[in-house]
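These notes are about the structure you will find just below.
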Amino acid sequence: MRALLLLVLCLTLLWGCGGGGGTGGTVRADGRVLSVSTGGAPNPPATAQIGSASAPTQSDSGVFILNVAPGATTLVVLHPVFPTFTFTFPPITTDTTLGDFWIGPETVTIVGTVIHSQTSEPIPDALVLFAGKRATTNQDGEFTLTGVAYDSQNDFVFQGILGTVQKSGFLTTQFTANQNPVGGVITLPAILLAPVSDPNPPGPPYNLWGVVTVQGEPPTGTIVTLLDSGTPIRRYNVGSDGRYFLWAVPGAYVLRFEKAGFQTVDVTVTGFDSPDDVIRNDVTLVPN
Amino acid sequence: MGKPAMSVNLRTPLSALLLLLSATVLASPRSAIVVDIGSRGPAQAEEIRRIVVAEVRAETQAADRLAAGYVDSLREAGVAPDGVPFSAPRVVLLRRNGRLLTGSSGMALSRGGGSDLVLQFRPDGHQNAFPTSYRQLLESVFDTARPHMNALFGMPFTGGPVRVDNMDASIGDRDAVAGGIFLPDDGTGMAAIWFPVYTAPETTAVNFIHTLYLAYMGGALFQFDAWSEGFARAATMTTVRNPNALPARMDMEFIGQVVEATYDTSAHYDWYNQPPLANDRFIAPNLKDLPLPPGGSLGGIYLMRYMMAGTAWAKVTTEWPGFLSTFLQQYYADPSIGGNVPALVALAQSTINTLNGGPGATVEGLPFAEWYRRQYVLNTTVSRGKKVFVQAIPITFGLGGNDFGVFAIWVTYFATAAGGNEVLLSGTCFPIYWDSTFARLFTTGQDDRMDIAAAFGSVTPNLPDVFNVGSGPTQWYRATIDLPVLDQIARAILPAGAIATAQSPTPKNFYGSVIGFDGAKVGGDPNVTGKVRLTVLPGANSVDAPLRNGAFGVQTNLLGSAPVRVRVDVIPVFNNVEQAPVHTEFMSVWGDRLGLVLHIGEFATYSPPSGLVAGIQAVGFPVRPFEMSTAALLGLPSNQTLVARWKQERFDYERWPSLEPFDVGEGFYVRMPSAAPGFQVSGRRLGKEGFLPVTVALQPGWNQVVNPFPNDVLFSDLTVQRGADFPTTWSAAISSGWLGTDVFQFTPGSPDPHSGVPEGGTLSPASVFPAGRAVFVRVLVSEGLSITFRPGVLGPAQDRGRRWRPAPTWTGSLIIDNYRNERSAVEVGQAMNHRRGVDLGVDSEMPPIWGGATQAFIASSVPLYRDIQAPSEGSWDILVTGLRPGHVYRATFRLSLGSNRDILLLTLDDVDGRRSYRMRDGWSITFRARDVTHRLRLRNGGRR
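So the sequence lines, in the order shown, correspond to chains B and C.
Positions in the first sequence are counted from 1; adding 350 to them yields this note's numbering.
Positions in the second sequence are counted from 1; adding 5 to them yields this note's numbering.
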């Protein structure tokens, strides 16, 4: 029993070591291959291959350790049951721990958009990492991760995988892919990146919100009133950004938008059944 | 056989009996597998069987595979012997025409009525017949155990025949999970047990008895696994540990190992009693529904839930041996309370009072309801959100070299989603190891990082021998391991060196940690020592464990194979004279080991100074509430509860009911419809001033945090940890760009004209971490940080006395208010070595603009709350927003550092009002808002 534990410790030790030089003109690359079906090491083991170097993954941990030629950028994972998976990474120049690489019986494509948290403008050149796959956003902030391991029979492991988005000058953010694939494609909601220089703490919580547009004028000074059976229960004074935010218990409400010189607009709030529902209603006010 | 028993509990009132007779079905227990058989009747028994088998196999496969990983890990850690499967018999309910089949006709008349179960086996040659010898073994097991079972559990809810079928070909992987299946009605109107053929008679006995206990409860199974599974497991471990309750020639040592590995967690119950155990069911719906291929993770914590529940109820039966039978007989009179926890708890108190012969009976020294709410595994609240559970297993075999405090540390990281589903999360944890003085320990590199995949991660650190110098007693110590994962954290408090070391390899079996009194301390007063005394009740046999550096350990034969009630006292010793105990706990334990965490003053009630005010507020509590339902905690209907917490990874708030429960260190926004001035929270304190700091995990970006102590904590009483770096001071973390400059606290604004309560407010920098008030902290490093609140515990020496930001020459605030409760402020100043624009080390973020609230900010390249400039500069454009046009506002300048002599000629220009004023400390001007915004400019130029 102890021997087993020591074996695990030794493997973990090897896994944890970094730095230093390679052996005979090679550098060490290690990582871990995991099955998206189980969350554990693939069973039977997979074969990790970088260039001409290859090794089976450890049956208990999924760890692989390879001595590879400097400059390698591609890992191929072969498995007797799963399809072959190919992962890319920046050129390896020194001993490197590459991280976790997920394989599985199926693959999906993940698409999404990375936008600026303040301006909602797309963010190009952001690095998106998920399940060992990587992509860079284009000029429209869009990214596509192809060949991502998936198991439609056991998606609760997949749903727990944490992806990251990195971009210099922005806080790294995480995301999960909890959406169901449609035609083999998972479309993520927009991922917001907050700039390091963004000074704003979050605004207040809300569950009713929207944007007010006033024809020919700034929206500043528009009054939003929340009515419950005709009785006003909240008031919001809209600022220059045109947004309003209200935090209310669920109910059948009417939102009233008023500004001097413009027609009053009433909007019935629908689908507000639980305090964690977030309802958006945008309106445009036109002159009287 | 088959004839309904006619005995009726005479205490059952007629009305209740009529209710029982008229009741159609009971609600099903949460983990029962419900199989829809359409309209198929008894004549289609074989078809029904095929449907059930297919469904059961599908539903149990995932859980079985997940269990396999867990059992393998137990074996690897030396806790479970080879060949021990996890016992998890299951209940299957059939649904015909939309109606659950819960038992045979006439069952109402036999409820708790004194009729035995009568096992019926198939005749030889039948496809579901057992081999003769195996059938005889099963019969022998029940015949031998039955008197004991009847005495322990009372008579079955439904007596009479139970068909026992050989389903060896159909029941899943017995290497992983053992157990039979109980069907209150197998579709033919008859109760049935489906059972496989095990090689080992001991495995057969344990699992058959466990399945029989489920059959005893029959159609009266509780709706919550904590009760039905907990009762069955407590009874099973009691029965199978009694050699007189089993056929002869059973290997009792093997059975003992089975029970210790997969049933009884009493040795470390105290360590594992953690909030993630709470749930109304033990296996999440999504985890039992999905088939899994071989291999896999530990599958969440459902196996730990099973074991902890059985152990919890075994504690009760240890103290009140007649509890289960007495309780169940009363419960059978009205099983409609099977889903009503308050009613069940009241019945439990009534039961122990009956057994006591009078009121005031307790469990482990507490009234039943108080005891019950301290057991997380018995909490049936389904709380959403991410959770971290930590399991620590002392490694006591194969020690060598410098092994001092070796523990296997397993982390389970999961999220409870809608419908009670559990998502097995992946992530990275950076464990932090602390000694008893809360100096950070570094073990070996592989222990600094824990990669978590599909909910499971582990490290096996050797907590080093840091206090021993030369000869003398082993200086074991209280070690604390913080396990942060993003914004969640778990903690293990362990006695390093007090169980087994390479130098002293014989394991001690009574060990643990004390919080609040360290006993003998290295470097402490030599006249102060301490001990932890274990006394077996009701006698006076006791043993003392030396208390050193907050940890204790001793080898004793007072703990053994029989269940015992014990009293544990923490006793200070001054100048070799024993003092009165400073802490006493009562507990029931079974087995030859007992590991504890004794926290002096752990349970507390916190009352916010002003209660909860009406309207929006940002709060948090320094206790972990017993009440895990946020709505119930606040006394609000679920659909009227407005609570939210910022989640940076979503860039949005998480809102009740999708939100995790309140916990120490976590801040929340709450909107109360009316004031609750007497509001208070009862629960556990996680830290103790002067002894046990509290660490809070922070993710990149904004975090809503609350001080984990009931009094304000200074910034100088915090340390910040990043990955495997040494802890650093708050100020150094800011200077290093790890943290944002300011911590923002919320002040509610003026009442909304319609709701009459504040719906908005302002955020302004806090000068301390205030007690009970949630604040925003901003983390700027991608992997996140943890901060440790350590009031009264000395941090790194260099921390003390250092200012937390460079000292400006002067600073002052321009405060805007409406003479009432609308207020906002900005801070300006001048100091050497600062620059125009955003100087991250000094300048500060702008509080957000709130609906209906007055807000001021300094217009710069980015909006700022604070702008400290070089002395050669000195002009700040200030924009005030959220004003009520036509109303009069006041702008007041107040110096917070320096004096009037330090500032130059300070002028306030009312840009929109086209006036200028000279300003000094405390001087004010007024202006009338013409719009919702107003522009001001503060200038400092030219000497006086």
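Note that beta-carbon positions come from the ideal geometry of N, C-alpha and C, so glycine has one too.
Here the structure is a predicted model, which means the values were calculated and not measured.
Under the rule that 16 or more other beta-carbon atoms within 10 Å means buried, what is residue i, buried or exposed?
{"i": "GLY371/B", "result": "For GLY371/B, the pLDDT reaches just 40, beneath the cut-off of 50, and the residue's location in the model is therefore unreliable, leaving the point undetermined."}
{"i": "ALA610/B", "result": "exposed"}
{"i": "ALA48/C", "result": "exposed"}
{"i": "ARG55/C", "result": "exposed"}
{"i": "ALA567/C", "result": "exposed"}
{"i": "SER387/B", "result": "buried"}
{"i": "PRO364/C", "result": "exposed"}
{"i": "ASP623/B", "result": "exposed"}
{"i": "ALA174/C", "result": "exposed"}
{"i": "PHE731/C", "result": "exposed"}
{"i": "GLU258/C", "result": "exposed"}
{"i": "THR331/C", "result": "buried"}
{"i": "PHE579/C", "result": "exposed"}
Which two residues bound the contiguous beta strand (DSSP E) that contains residue i?
{"i": "MET592/C", "result": "588-594"}
{"i": "PHE506/B", "result": "PHE506/B -> not in any beta strand (DSSP E); alpha helix (DSSP H) instead, spanning 505-508."}
{"i": "LYS391/C", "result": "390-399"}
{"i": "ARG940/C", "result": "939-945"}
I need the DSSP call for residue i, collapsed to helix, strand or coil.
{"i": "SER341/C", "result": "helix"}
{"i": "GLU471/B", "result": "coil"}
{"i": "GLY789/C", "result": "coil"}
{"i": "GLU265/C", "result": "helix"}
{"i": "ILE930/C", "result": "strand"}
{"i": "HIS604/C", "result": "strand"}
{"i": "ILE883/C", "result": "strand"}
{"i": "ARG925/C", "result": "coil"}
{"i": "GLN451/C", "result": "helix"}
{"i": "ILE306/C", "result": "coil"}
{"i": "VAL58/C", "result": "helix"}
{"i": "ASN249/C", "result": "helix"}
Taking just the CA atoms, how far does residue j sit from residue i?
{"i": "GLN613/B", "j": "GLU764/C", "result": "26 Å"}
{"i": "GLY524/C", "j": "THR424/B", "result": "58 Å"}
{"i": "VAL489/C", "j": "THR385/C", "result": "One point to set straight first is that residue 489/C is Pro, not Val, in the sequence displayed. Those two C-alpha atoms are separated by around 26 Å."}
{"i": "LEU329/C", "j": "ASP410/B", "result": "42 Å"}
{"i": "PRO166/C", "j": "ASN102/C", "result": "25 Å"}
{"i": "TRP809/C", "j": "SER736/C", "result": "With a pLDDT of 36 at TRP809/C, under the threshold of 50, the modelled position of that residue is not reliable, and no figure is offered here."}
{"i": "ALA37/C", "j": "VAL701/C", "result": "38 Å"}
{"i": "LEU491/C", "j": "GLU788/C", "result": "8 Å"}
{"i": "HIS131/C", "j": "ASP668/C", "result": "58 Å"}
{"i": "TYR516/C", "j": "ILE605/C", "result": "16 Å"}
{"i": "TRP2/C", "j": "ALA476/B", "result": "Residue 2/C is absent from the model: chain C starts at 6 and stops at 949."}
{"i": "SER929/C", "j": "ASP822/C", "result": "11 Å"}
{"i": "PRO392/B", "j": "VAL383/B", "result": "7 Å"}
{"i": "GLN508/C", "j": "ARG538/C", "result": "25 Å"}
{"i": "THR479/C", "j": "ASP549/C", "result": "16 Å"}
{"i": "GLY344/C", "j": "VAL350/C", "result": "11 Å"}
{"i": "VAL527/C", "j": "ARG483/C", "result": "12 Å"}
{"i": "ASN546/C", "j": "SER441/C", "result": "30 Å"}
What first and last residue would you give for the alpha helix (DSSP H) that runs through residue i?
{"i": "HIS153/C", "result": "137-158"}
{"i": "ALA737/C", "result": "735-740"}
{"i": "VAL977/C", "result": "Residue 977/C lies beyond the stretch modelled for chain C, which goes from 6 to 949, so this question has no answer here."}
{"i": "GLN354/C", "result": "346-361"}
{"i": "ASP501/B", "result": "Neither: ASP501/B is in no alpha helix (DSSP H) and is coded neither H nor E."}
Touching by the beta-carbon criterion (3+ pairs, under 8 Å), the region 609-620 of chain C and the region 681-691 of chain C: yes
Kindly confirm or deny that the region 637-648 of chain C and the region 667-685 of chain C touch, where touching means at least three C-beta pairs closer than 8 Å. yes
Contact between the region 415-435 of chain B and the region 490-508 of chain C: three or more CB pairs below 8 Å? They do not touch, by the three-pair rule.
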